[in-house]
Amino acid sequence: MTEDLSPAERYALARLRAAEQATALAPFRDLYDFDLDEFQIEACRALEAGKGVLVAAPTGSGKTIVGEFAVHLALTQGRKCFYTTPIKALSNQKFNDLVRRHGADRVGLLTGDNSVNADAPVIVMTTEVLRNMLYAGSQALAGLGYVVMDEVHYLSDRFRGAVWEEVIIHLPESVTLVSLSATVSNAEEFGDWLDTVRGDTEVIVSEHRPVPLWQHVLAGRRMYDLFEEKGDKREVNPDLVRMARMENSRITGPRDRRRGSPRREADRERERRQRARVWTPGRPEVIDRLDSEGLLPAITFIFSRAGCEAAVQQCLYAGLRLNDSAARARVRDIVEERTADIPDSDLHVLGYFEWLEGLERGIAAHHAGMLPTFKEVVEELFVRGLVKAVFATETLALGINMPARSVVLEKLVKWNGEQHADITPGEFTQLTGRAGRRGIDIEGHAVVLWQRGMDPGALAGLAGTRTYPLRSSFKPSYNMAVNLVGQFGRHTSRELLETSFAQFQADRSVVGISRQVQRNEEGLEGYRESMTCHLGDFEEYSRLRRRLKDRETELAKQGALQRRAQAAAALEKLKPGDVIHVPTGKYAGLALVLDPGTGGGGRGPAQHRGWQQQEGPRPLVLTAQRQVKRLGAIDFPVPVEPLERMRIPRSFNARSPASRRDLASALRTKAGHHAPPRHRKQRAAGADDEEIAKLRAEIRRHPCHGCDEREDHARWAERYHRLKRDTRQLERKIEGRTNTIARTFDRVSALLTELGYLRGDEVTEDGRRLARLYGELDLLASECLRDRVWEGLPPSELAACVSALVYESRAADDALPPKLPGGGAREALEEMVRIWGRLDALEEEHGISQTEGVGQREPDLGFAWAAYRWAEGHGLDSVLRDADMPAGDFVRWCKQCIDVLGQIAVAAPDGGDVAKNARRALESMRRGVVAYTSVG
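For the sequence shown, position 260 matches number 371 in the numbering used here, and the numbering has no gaps at all.
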């Protein structure tokens, strides 16, 4: 009420309003039909004042408004703005948003395989594209005023995170950086680092969700609130806790008490439903319940592609229909328009008609295995409200703008690539953050389905932890090293890398470790006093006892190593057709050797360094129980000898249940009468060891051996030893964390110098070629070009070879060797594996470890046959059937092959045909579903 203000106050307020109207923020705010939140205004003001900003806010809170203000500022000032995103799908989405606001002539797109209006003042791009531009010294950087890094928390991604730090470090000082992040617990630490490397940076953190989120557990017919408000406190719902306690106590064992025999899972599930008052609702039941309560549209996260497809089918079979006839007609019109370019012959292969039926009913799947065009259509229909139930893998949570009223989590466990693990608080926050559409919903809802054994307290801990720490994954790569040395020289490059967030975090962590070392040293002094003995030097006596224990442990290890070596030597002699008895493990018993597993690599997933030496042969066997499994050294603690020989039919197919059954039956008939071999226990190695005898004699002669309180002193001595060992480890950790990135860079540079890519501060011709190759296997690709491995290969065979540089199999480790094209391609692929082996050994010499995120993984040959056939011009139906691969995966790997082929076309040396054939291979792969898909 201005009437209540004094003239001076009214004058001051008028001046403030006039000053605000003179800013760039005022007309920007007028572009939106809602008022900006306080954190958005604060960030925009900091930007206009010339500061960089880090904005950390929950998913769906509108932090991209700050990025759009940077675009507005750039256009107002006649400068450029680059808007970077982590994934192409998000780049496409942001491009369309900015085109609608600023016009197609002022906005461009660069995503590696898409280039639209590349000279525009505003360009949306993936972060890798900007990194490549910085290293290449692109002319497009001229006049650059602002860079927006959307989803900057991606820098903790262990595979791609380094790219974000490279961009932040190498951007020109004149560029203002706008970093948009999910809510992370160490935003201030990240902001301090940005302040160090980019100059004045304002950190704006908001944990406020514009749409409140309610957490629920759906159990049987009842939906429980996870939390109960009691005054200012929020506690776990006592009704839910009581129900969980009762139901978890009802869980019966896996055997039928009456007969003592195992029962089928279906029988047990039926009994549980009869006995229990609650159960895990089925997928159609969940959607129907959400629909009846007005909680659609909903995204159900299922951590499995097959599970997402199965969920859609289950809903269709259950007769669910979420759309009326008018909505069905609109869906069909949009789908037919968006897929008009797909040939009719491909539609059946892609499962188009089944997919369309689900869409018309308002139900769809969304996962990385789908054709990208299909995913885009699902996203568009969901945003328009024409698809109301989406079953998705967690990839949907990564930035794509698909908010829902509700989010459903089927389970709180997912496969992380190595094992089934509980989802983290950060992942839970990211997934449930989709619930609640700003400007549409009053509140959002996160629903977790009841599972047997669920702990409501643990779930409340997940839901109550709103933030997670940002951890750097930065490591110098070979390509990075040659690019840096080429631009700055080795010394300056080393100093630049020392400014990384990884080193910043390592240096900060050393402070806490140093304090712990000081506390440990005080504790050591106390332990030393407590173990003092009046008869002699107990520390000396304790050392003798420890030497004895260490010697006994060493001999036991030697014995175990010797037994493993004998077992490995016996496995080396196995041949296909040998019948053996697996001595231990899950697959103990009779088995037939299908493949001795003594060959090197290139099959299935990449093997780690020294695999053959450390693990030994890994035979692929058929067990008497009809299972085909690849066994490891752990299954053979003792040597194994063939019991019989059997002929393996040429028609045998390990994937055919009938083939496995027939051969397993023949195995039992042929060798079922053999009893398991008996192995005599060997005499203990320490029984005849002179050093052990000598140490025991010294211990008996020592004065402290006769002390009445000897064992009491020994316990203090043991604590002293453990604390001293821990202190030494902490001291080593301090040494290891000091200059870690620079030391890794030194090792990488030393290897590149040995290979002739660097010569002091000079980058050689080979080094300049490596500088143009970006990818996980950059050095291997460069070596193949230098050794002319691909010279003379026709385009389709070159495509097969390049696929090994990008592809990583999802198959299990016991997968059969992949099918390869013949002729020159097979020889070239084998040579690539040999070169990798040489590089791997060289990396080991230089202390470069793949486990640290540096180094070259083994090339994976699993996509070579599919890439070859596609480049040869074969139809999609036959290629996908042969590859046994979803269309989305096929398109993604083809696009990655095309990307690397483009790099090879530029980097290949003159005087050969590799560059020409790479361009031809690229064009032959860019056809059909690969060509008309806009998102990779």
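We put the beta carbon where it would ideally sit given N, CA and C, even for glycine.
Sort out for me which residues DSSP pairs Thr196 with in a bridge. DSSP, once it has assigned bridges, lists Thr237 as partnering Thr196.
| query | How big is the Cα-Cα spacing for Asp208 and Asp533? | reply | Cα-Cα distance, rounded: 36 angstroms.
Under a CB-based cut-off of 8 angstroms, is Leu862 close to chain C? Of the protein chains in this structure there is only one, and it is not chain C.
Which same chain residues, not among the five before or five after Asp343, have their C-beta less than 8 angstroms away from its C-beta?
Cβ neighbours of Asp343 beyond the five flanking positions: none.
Practice prompt. Return the CA-CA distance between Ser762 and Asp988, expressed in angstroms with no decimal places.
Written response: When rounded, the distance between both Cα atoms is 25 angstroms.
Inspect the beta-carbon positions of Leu186 and Arg217 and report whether they are closer than 8 angstroms. Against a cut-off of 8 angstroms, the Cβ pair of Arg217 and Leu186 comes out as a contact.
Roughly how many angstroms separate the alpha carbons of Val166 and Glu277, rounded to a whole number?
For the pair Val166 and Glu277, the Cα-to-Cα distance works out to about 20 angstroms.
Review point. Do the region 141 to 153 and the region 314 to 324 make contact, defined as three or more Cβ pairs closer than 8 angstroms?
Key: Yes, the region 141 to 153 touches the region 314 to 324.
### Residues of its chain near Cys1005, where Cβ-Cβ distance is below 6 angstroms and the 5 sequence neighbours each way are ignored
Excluding residues within five positions, the ones whose Cβ falls inside 6 angstroms are Met1036, Val1041.
Which term fits Gly219, buried or exposed, when burial requires 16 or more other beta carbons within 10 angstroms of its beta carbon? If you draw a 10 Å sphere on the C-beta of Gly219, you find 16 or more other C-beta atoms in it, and that means buried.
So, is Phe502 buried or exposed, given that buried needs 16 or more other C-beta atoms within 10 angstroms?
Sixteen is the threshold: when 16 or more other Cβ atoms of the shown chains lie within 10 Å of the Cβ of Phe502, as they do, the residue is buried.
Practice prompt. Starting from the C-beta of Asn1028, find all residues in its chain whose C-beta is less than 7 angstroms away, skip the five residues before and the five after it, and write them out in chain order.
Written response: Cβ within range, chain order: Leu904, Pro905, Pro906, Leu909.
Name, in chain order, the residues that DSSP records as bridge partners for Ile870.
It should be noted that the sequence gives Arg, not Ile, for residue 870. For Arg870, DSSP records a beta bridge to Glu873.
Name the one or two DSSP bridge partners that Thr734 has. According to the DSSP secondary-structure assignment, Thr734 is paired through a beta bridge with Ala702.
(message) Helix, strand or coil, according to DSSP, for Val347 in the structure here?
(response) Three-state result, Val347: strand.
State the CB to CB distance for the pair Val690 and Ala782, rounded to an integer number of angstroms; the pair is presumed to be in contact (CB under 8 angstroms).
-> 5 angstroms between Cβ atoms; contact.
Q) Buried or exposed: where does Leu672 fall if 16 or more other Cβ atoms within 10 Å of its Cβ makes it buried? A) Around the beta-carbon of Leu672, fewer than 16 other beta-carbon atoms lie within 10 Å, marking it exposed.
* **Where the alpha helix (DSSP H) containing Thr175 begins and where it ends** => In this chain, the alpha helix (DSSP H) harbouring Thr175 covers 175 to 188.
Practice prompt. May I have the straight-line CA-CA distance separating Phe974 from Trp981, to the nearest angstrom?
Written response: Computed Cα separation, rounded: 11 angstroms.
For this session: May I ask you to report which of helix, strand or coil DSSP gives Lys668?
Result: Per DSSP, reduced to three states, the secondary structure at Lys668 is helical.
Query - Inter-residue spacing [alpha-carbon to alpha-carbon] between Pro716 and Leu742 - result: Residue placement at Pro716 is flagged as unreliable, the pLDDT there being 37, under the threshold of 50; the coordinate-derived value follows with that caveat. Rounded to the nearest whole angstrom, the CA to CA distance from Pro716 to Leu742 is 15 angstroms.
**Q.** Cα-Cα separation between Gly473 and Phe615, rounded to whole angstroms
**A.** Taking the straight line joining both Cα atoms gives about 49 angstroms.
**Asked** In its own chain, which residues sit with a C-beta less than 6 angstroms from the C-beta of Ser653, not counting the 5 before and 5 after it?
**Response** So the list reads Ala828, once near-sequence residues are dropped.
*Rounded to a whole number of angstroms, what is the C-alpha to C-alpha distance between Gly163 and Cys1008?*
Those two C-alpha atoms are separated by around 37 angstroms.
CB-CB length for Glu894 against Ile852, believed under 8 angstroms: Not confirmed; about 25 angstroms, so no contact.
From Val519, Asp877, Thr312, residue whose alpha carbon lies closest to that of Leu324: Taking only the C-alpha atoms, the option nearest Leu324 is Val519.
Nearest to Gly1013 (by Cα), restricted to the options Pro997, Arg1031, Val1002
Closest by alpha carbon: Arg1031.
Discussion item. Using C-beta distances below 7 angstroms, list every residue in its chain close to Ala508, excluding the 5 sequence neighbours before and after it, in chain order.
Written reply: Because the pLDDT at Ala508 is just 49, under 50, the model does not fix this residue reliably, and the value given afterwards should be weighed accordingly. Around Ala508: Gln541, Leu542, Arg545.
Under 8 angstroms between C-beta atoms of Val1002 and Pro483:
For the 8 angstroms CB-CB criterion, Val1002 and Pro483 form a contact.
Have a look at Asn434, Ser517, Phe139 and flag the residue whose alpha-carbon is nearest the alpha-carbon of His183. Considering only alpha carbons, the answer is Phe139.
TODO: Determine the burial state of Asp648: buried for a count of at least 16 other Cβ atoms within 10 Å of its Cβ, exposed for fewer.
DONE: By the 10 Å Cβ count, Asp648 comes out exposed.
(request) Inspect the beta-carbon positions of Leu635 and Leu329 and report whether they are closer than 8 angstroms. (result) For Leu635 and Leu329, no; Cβs fall outside 8 angstroms.
> Pick from Asp800, Asp1024, Ser588, Pro580: whose alpha carbon is nearest that of Thr664?
Replying inline: Of the candidates Asp800, Asp1024, Ser588, Pro580, Asp800 places its Cα closest to the Cα of Thr664.
Environment of Val335 [buried if 16+ CB atoms lie within 10 Å]: The displayed chain sequence assigns Tyr, not Val, to residue 335. That one is buried.
**Message:** Mapping the DSSP letters down to three states, classify Tyr918 as helix, strand or coil.
**Reply:** Per DSSP, reduced to three states, the secondary structure at Tyr918 is coil, with no helix or strand assignment.
By Cβ distance below 7 angstroms, which residues in the same chain neighbour Val749 in space, the five residues on each side in sequence not counted?
-> Taken in chain order, the residues that qualify are Arg674, Ala678, Pro694, His790.
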